[in-house]
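Read through the structure below, which is laid out as structure tokens, and then see the notes.
In the working numbering, the protein residues as written are 2 to 306.
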């Protein structure tokens, strides 16, 4: 394997969405001394921010073959991550085909831990889960050197983006997650793992890493961690999935994403996210961030002005 830093490392989804894994990976790889090519969908302040960090920025769409060629040509290592989208499988196939054409040495694929509980005869009701499973199949069939990274739920998803308003305004974590245990992980920790693999990919080719937070506890205990971090009592209120999903529709959340989030919520109540691994520590030498530490980092978003 070519271990030089002459070729840029491609990071897709670099502008970032939930947790901004791609943006963090760009920053970490640049700090390690790598050249980085960042693929973004549009020119905006986030693209400018990536340039200021030192990345080469390419604007394009993963569903457009010409864009994918421009992004991959000259790169040997790729981080493939993409926001939840009905076009996810098409984008994966494009990346796999073009990566084969250019002979890349590794693709680090961002998947989901739920995939480990799926198979040829069993999926979930989430169309996105099925697309992630199929994406892993496509990458396997491609014969490319692949490393699959499967995080559990991001803290930035349910606990920040979908929970911040209730914590800020009503001192309650109002989520449809039932009473089962869960082990959410900070996107920053996922980015640390991805950057570590891309820095030295050879030992990881063909492996699957399941990434979780440091412990699996019920949401009541996560609410206690919020209380500890914010210095005020935060209560957990379990809410029914359907009214919660209807609120998301009213806010204009796309149907594909709502379907995915609703299924994730139901899987939570069934205990499907009650899992822990030490893969983050094995790969980075540091434990994953706790819920309390995560909330402290984002205290402003959980606090009234």
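C-beta atoms are modelled at their ideal positions from N, C-alpha and C, and glycine is treated no differently.
Being a predicted model, the structure only gives us computed values, none of them experimental.
Notebook entry, point to check: For the beta strand (DSSP E) that residue 239 lies in, which residues bound it at each end?
Noted result: Run containing residue 239: 236-239, per the beta strand (DSSP E) assignment.
Note to self: Which of the three DSSP states is assigned to residue 202 in this structure?
What the structure shows: Reduced to three states, the DSSP call for residue 202 is coil.
Check: Cα-Cα, which of 62, 30, 29 is closest to residue 43?
Finding: Selected option, being the one with the closest Cα: 62.
Note to self: Among the candidates 84, 249, 147, 130, whose CA atom is the shortest distance from the CA of residue 164?
What the structure shows: It is 249.
Note to self: Taking only three categories from DSSP, how would you classify residue 78?
What the structure shows: Residue state, collapsed to three classes: strand.
Checklist line | Whole alpha helix (DSSP H) elements within the segment 166-234, 4-residue minimum | finding: 188-200, 220-231, all fully within the segment 166-234.
Notebook entry, point to check: Exposed or buried, which one is residue 282 when buried takes at least 16 other CB atoms within 10 Å?
Noted result: By the neighbour-count rule (16 or more Cβ atoms within 10 Å), residue 282 is not buried but exposed.
Next item on the list: Can you give me the Cβ contacts of residue 237 inside the same chain, cut-off strictly under 6 angstroms, excluding the 5 residues immediately before and after it?
Entry: Cβ within range, chain order: 174, 220, 221, 224.
Notebook entry, point to check: Residue ranges of each beta strand (DSSP E) run of no fewer than 3 residues wholly in the segment 44-121, ordered along the chain?
Noted result: The segment 44-121 contains these whole beta strand (DSSP E) runs: 57-60, 78-81, 107-111.
Next item on the list: Quick one: residues in its chain with C-beta nearer than 7 angstroms to the C-beta of residue 242, no 5 flanking neighbours on either side, listed in chain order?
Entry: Excluding positions up to five away in sequence, the list reads 177, 263, 266, 267.
Next item on the list: Report the partner residues of residue 10 according to the DSSP bridge assignment.
Entry: Residue pairing by DSSP places residue 10 opposite 37, 78 in a beta bridge.
Next item on the list: Take the Cβ of residue 205 as the centre, count every other Cβ of all protein chains shown within 10 Å, and call the residue buried at 16 or more, exposed below.
Entry: Label assigned to residue 205: buried.
Margin query: Quick check: what's the CA-CA separation for residue 151 versus residue 57?
Written below: Take the alpha-carbon of residue 151 and the one of residue 57: they are about 27 angstroms apart.
Next item on the list: Note down, in chain order, each residue of its chain lying with its Cβ closer than 8 angstroms to the Cβ of residue 76, except the 5 sequence neighbours on either side.
Entry: If the five residues before and after residue 76 are omitted, its C-beta is found closer than 8 angstroms to the C-beta atoms of 8, 9, 10, 11, 38, 103, 105, all from its own chain and listed in chain order.
Notebook entry, point to check: Can you list, in chain order, the residues of its chain whose CB lies under 7 angstroms from that of residue 161, leaving out five sequence neighbours each side?
Noted result: Closer than 7 angstroms at Cβ, skipping near neighbours: 299, 302.
Notebook entry, point to check: Among all the DSSP beta bridges, which residues are the ones paired with residue 155?
Noted result: Answer is 186, bridged to residue 155.
Checklist line | Beta-carbon proximity check, residue 59 vs residue 109, cutoff 9 angstroms | finding: No.
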